[in-house]
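Notes to accompany the following structure.
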Amino acid sequence: MKATRDAYGEALLELGKRRADVVVLDADLSGSTKTGEFAKAFPERFFNIGISEQDMIGTAAGLSLSGKLPFASTFAIFATGRAWEQIRQTICYSNLNVKIVATHGGITVGEDGASHQSVEDIALMRVLPNMTVVVPADAYETKGVVDVISESYGPTYVRLGRAKVKEIMPEGYRFHIGRAYTFNLGRHANIIACGIMVAEALKASEALRNDGIDVGVINMSTIKPLDGDVLIQAARTSGFIVTAEEHSIIGGLGGAVSEFLSENYPVVIKRVGVKDSFGTSGEPGALLKLYGLTSEDMVKLIKETITISNC
Amino acid sequence: MAVIEGEKVSDIKRLEDIARGIRIDILKMLAEAGSGHTGGSLSATDIVTALYFHKMRHNPKDPAWKERDRFILSKGHAAPLLYAVLARSGYFDPSLLSTLRRLGSPLQGHPNSKSLPGIEVSTGSLGQGLSVASGICLGLRLNNIPARVYCLLGDGETQEGQVWEAAMTAAHYGLDNLCAIVDNNGLQIDGPVEEIMRVSPMNDKWRAFGWNVIEIDGHDMAAILSALDEAEKIKGRPTVIIAHTIKGKGVSFFEGRVEYHGKAPTSDELKRALKELGE
Numbered sequence: 000m001k002a003t004r005d006a007y008g009e010a011l012l013e014l015g016k017r018r019a020d021v022v023v024l025d026a027d028l029s030g031s032t033k034t035g036e037f038a039k040a041f042p043e044r045f046f047n048i049g050i051s052e053q054d055m056i057g058t059a060a061g062l063s064l065s066g067k068l069p070f071a072s073t074f075a076i077f078a079t080g081r082a083w084e085q086i087r088q089t090i091c092y093s094n095l096n097v098k099i100v101a102t103h104g105g106i107t108v109g110e111d112g113a114s115h116q117s118v119e120d121i122a123l124m125r126v127l128p129n130m131t132v133v134v135p136a137d138a139y140e141t142k143g144v145v146d147v148i149s150e151s152y153g154p155t156y157v158r159l160g161r162a163k164v165k166e167i168m169p170e171g172y173r174f175h176i177g178r179a180y181t182f183n184l185g186r187h188a189n190i191i192a193c194g195i196m197v198a199e200a201l202k203a204s205e206a207l208r209n210d211g212i213d214v215g216v217i218n219m220s221t222i223k224p225l226d227g228d229v230l231i232q233a234a235r236t237s238g239f240i241v242t243a244e245e246h247s248i249i250g251g252l253g254g255a256v257s258e259f260l261s262e263n264y265p266v267v268i269k270r271v272g273v274k275d276s277f278g279t280s281g282e283p284g285a286l287l288k289l290y291g292l293t294s295e296d297m298v299k300l301i302k303e304t305i306t307i308s309n310c
Numbered sequence: 000m001a002v003i004e005g006e007k008v009s010d011i012k013r014l015e016d017i018a019r020g021i022r023i024d025i026l027k028m029l030a031e032a033g034s035g036h037t038g039g040s041l042s043a044t045d046i047v048t049a050l051y052f053h054k055m056r057h058n059p060k061d062p063a064w065k066e067r068d069r070f071i072l073s074k075g076h077a078a079p080l081l082y083a084v085l086a087r088s089g090y091f092d093p094s095l096l097s098t099l100r101r102l103g104s105p106l107q108g109h110p111n112s113k114s115l116p117g118i119e120v121s122t123g124s125l126g127q128g129l130s131v132a133s134g135i136c137l138g139l140r141l142n143n144i145p146a147r148v149y150c151l152l153g154d155g156e157t158q159e160g161q162v163w164e165a166a167m168t169a170a171h172y173g174l175d176n177l178c179a180i181v182d183n184n185g186l187q188i189d190g191p192v193e194e195i196m197r198v199s200p201m202n203d204k205w206r207a208f209g210w211n212v213i214e215i216d217g218h219d220m221a222a223i224l225s226a227l228d229e230a231e232k233i234k235g236r237p238t239v240i241i242a243h244t245i246k247g248k249g250v251s252f253f254e255g256r257v258e259y260h261g262k263a264p265t266s267d268e269l270k271r272a273l274k275e276l277g278e
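Protein sequences, first through last, are from chains A and B. Residue 45 in numbering that gives the first Met the number 0 sits at position 46 of the first sequence, and the numbers go up by one each step. Residue 46 in numbering that gives the first Met the number 0 sits at position 47 of the second sequence, and the numbers go up by one each step.
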């Protein structure tokens, strides 16, 4: 069990050792985003911009223009919400090589409550031209993501979490931008998940197998560009797709999958996610239950839907 | 006509003449386009002319030259000014100027760095350029490149909070390779800056944020050149030049008139304006 933000801190430190052009910016949250590790090792390449996310994004753009590889980090809602227009106008429109790696995505931020729980960031970043959007599922995948995006040109948003998560990606797995990982394909349903919901989807699949329901699980860690081939394959195999994300059901993974399949391979789609509401304070596990984001919720939804379709 | 060392224009009369030509280009472009920002392009013409034809080390034949001085037009609506200066410096064919704002033209309504050489970053949404400028300054310092970065802001633009975030950052990191210039023309689209949202006292604000402040008449070419030289000598903190200017400068019937913030000259106005400018 390890939080993806902890993996980010470690990966950044390693990257900093390998590449002298890597610079890191934070907006007074380096202890929480884990960029503090890089700051300690490379103080001359770390810039704390203070509590000013808009300026942090603009400064990162400038560093990129001078040939550096900037990683800018803060909490997901402040990175993508507070500085959205700076990301749009300065980074995406100019197509600058800035990596925005935000932590504290989703409701598992926990006790801090709705103000700090971002359930809109994937939607906000996905709509921007030139932007790549990645949500790794565990610590191992996070490290791969940091390495791969550092070698690939262009604006990139990576969403990480605060809470510790189980390691689920198999050893030897290599992350590629735009390539989903299929754990298995199911005949009755396929769950397309990202982030912490991949682990929940695997649990749901396991539970349903005992009831004779064959459900596949796909880790769609790159939300933009979406892996259309894998989606069509999954839709063709089961005729029923479930999306699962720790984000609003509007505009995020569920939105992206619905848009793609409705135009390319229309099948029944159900979206698991936060249903057009804000979060609230509470312990992360309790919040996942409250918002219907557990494996049990997926099991129930899939059983109900399959029963209805069979009628 | 690369303005690299040894080729720069230092004769005041000649610089003033180049500025006059730039104003003529701006008016023709805007009249041809039928829309665009006249007042704020003309108010900053002398400053930007001084930068590109005298002060900045840059090479139009190699826009990506690593050692170049950079110019960020934070007040992106003065795009016609930047386009005219870039064309006359040799970044692209001046015949493109007449395509301003047309479908398919690289001369977008506001500057797009992906469509035209010599534009460092896309601007147009106010308040964002100074952050980019300070980021470039940090990068140049890490790379041990002694180049300087100039950033032009409007006085109305300083109503944007991000400008002051960036002002803090530049002072905090002691960015003496950064020179901001405020085109203090006193007018914004809805009216006088003092009436819409007071930004004065401008010099006290910048000084309080830790900047070296120089105040000049932004149409006095000799004063512009000496302010730019003085800014370069200040170490340990950034410099802002507050350039007092007249919106619409150079055309008597545009000067100080708020309605020409975002309005292009009609063909009749163009004729009269060109006559005044001796064209």
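Ideal Cβ placement from N, Cα and C applies to all residues, glycine included.
Quick check on DSSP: helix, strand or coil for residue i?
i, result
"A/L292", "coil"
"A/T131", "strand"
"B/L182", "Reading off the sequence shown, one finds Asp at residue 182 of chain B, where the question assumed Leu. If DSSP states are grouped into helix, strand and coil, B/D182 belongs with the strands."
"B/R206", "helix"
"A/N263", "helix"
"A/Y7", "helix"
"B/G5", "Reliability of the predicted coordinates at B/G5 is poor, the pLDDT of 47 falling under 50, and no value is obtained from them."
"B/Y149", "strand"
"A/C310", "Residue placement at A/C310 is poorly supported in this model, since its pLDDT is 48, which falls under 50; the coordinates are not used for a value here."
"B/R22", "helix"
"A/K223", "strand"
"B/A165", "helix"
"B/G89", "coil"
"A/I99", "strand"
"A/N94", "coil"
"A/R158", "strand"
"A/V271", "strand"
"B/R69", "strand"
"A/F182", "strand"
"B/G126", "coil"
"B/L177", "strand"
Please report whether the beta-carbon of residue i lies at a distance below 8 Å from any beta-carbon of chain D.
i, result
"B/M55", "Given the protein chain composition of this structure (A and B), no chain D is represented."
Run the CB neighbour count on residue i, radius 10 Å, all protein chains shown included, and call it buried at 16 or more, exposed below.
i, result
"A/L201", "buried"
"A/C310", "Interpretation of A/C310 is limited by its pLDDT of 48, a score under 50 that renders its predicted location unreliable; no figure is taken from the coordinates."
"B/A30", "buried"
"A/M55", "buried"
"A/D111", "exposed"
"A/E205", "exposed"
"B/D24", "buried"
"B/M220", "buried"
"A/R17", "exposed"
In the DSSP output, what is residue i paired with across the bridge?
i, result
"A/F37", "DSSP, once it has assigned bridges, lists no residue as partnering A/F37."
"B/A83", "Per DSSP, none; premise fails for B/A83."
"A/I191", "A/I217, A/T242"
"B/Q187", "B/G190"
"A/D25", "A/N47, A/S72"
"B/H243", "B/N183, B/D216"
"B/N211", "B/T238"
"A/G104", "A/S117"
Original post:
Are the stretch 5–16 of chain B and the stretch 125–143 of chain A touching, with three or more C-beta to C-beta distances below 8 Å?
Top reply: no
Subject >> Three-pair Cβ contact test at 8 Å for the stretch 205–225 of chain A versus the stretch 126–136 of chain A >> reply: yes
Original post:
Taking one C-beta from the stretch 58–68 of chain A and one from the stretch 15–22 of chain A each time, how about it: are there three or more such pairs within less than 8 Å?
Top reply: Contact between the stretch 58–68 of chain A and the stretch 15–22 of chain A is established, with three or more Cβ pairs separated by less than 8 Å.
Subject >> Near-chain B residues of the stretch 78–112 of chain A - C-beta to any C-beta below 7 Å >> reply: E84, Q85, Q88, T89, Y92, S93, N94
Subject >> Interface positions of the stretch 57–77 of chain A facing chain B (Cβ-Cβ less than 9 Å), listed along the chain >> reply: G57, T58, A59, A60, G61, L62, S63, L64, S65, G66, K67, P69
Subject >> Meets three-Cβ-pair contact criterion under 8 Å: the stretch 166–178 of chain A and the stretch 37–45 of chain A >> reply: no
**OP:** Could you tell me whether the stretch 123–132 of chain A touches the stretch 52–61 of chain A, using the rule of 3 or more Cβ pairs below 8 Å?
**Re:** no
Subject >> Interfacial residues, the stretch 37–52 of chain A to chain B, with Cβ spacing under 8 Å >> reply: E43, R44, F46, I48, G49, S51
Original post:
Using Cβ-Cβ distances below 7 Å, what residues of the stretch 16–28 of chain B are close to chain A?
Top reply: none
Original post:
How do the stretch 64–80 of chain B and the stretch 146–163 of chain B stand: do at least 3 beta-carbon pairs fall below 8 Å, yes or no?
Top reply: yes
Original post:
Can we say the stretch 160–170 of chain B touches the stretch 50–57 of chain A, given the rule of at least three CB pairs closer than 8 Å?
Top reply: yes
Original post:
Counting Cβ pairs closer than 8 Å, one from the stretch 116–127 of chain A and one from the stretch 77–87 of chain A, do we hit at least three?
Top reply: yes
Original post:
Do three or more CB pairs link the stretch 245–257 of chain B to the stretch 199–216 of chain B at distances below 8 Å?
Top reply: They do not touch, by the three-pair rule.
Original post:
Going along the chain, which residues of the stretch 125–153 of chain A sit with their C-beta nearer than 7 Å to a C-beta in chain B?
Top reply: none
**OP:** With 8 Å as the limit, tell me which residues of the stretch 129–142 of chain B have their beta carbon closer than that to any beta carbon of chain A; keep them in chain order.
**Re:** L129, S130, V131, A132, S133, G134, I135, C136, L137, G138, L139, L141, N142
Original post:
Taking one C-beta from the stretch 132–141 of chain B and one from the stretch 36–45 of chain B each time, how about it: are there three or more such pairs within less than 8 Å?
Top reply: no
Subject >> Contact set between the stretch 206–226 of chain B and chain A, restricted to residues whose Cβ is under 8 Å from the partner >> reply: none
Original post:
Is the stretch 87–101 of chain B touching the stretch 172–184 of chain B in the sense that three or more CB pairs, one from each, lie closer than 8 Å?
Top reply: No, the stretch 172–184 of chain B does not touch the stretch 87–101 of chain B.
**OP:** Report yes or no: do three or more beta-carbon pairs, one from the stretch 232–248 of chain A and one from the stretch 257–270 of chain A, lie closer than 8 Å?
**Re:** yes
Original post:
Does the count of Cβ pairs from the stretch 253–264 of chain A and the stretch 283–303 of chain A closer than 8 Å reach three?
Top reply: Contact fails: fewer than three Cβ-Cβ distances are below 8 Å.
Original post:
Counting pairs of beta carbons, one from the stretch 135–146 of chain B and one from the stretch 2–11 of chain A, are three or more of them closer than 8 Å?
Top reply: Flag = no, the stretch 135–146 of chain B and the stretch 2–11 of chain A do not touch.
Subject >> Contact between the stretch 178–187 of chain B and the stretch 234–245 of chain B (3+ Cβ pairs under 8 Å) >> reply: yes
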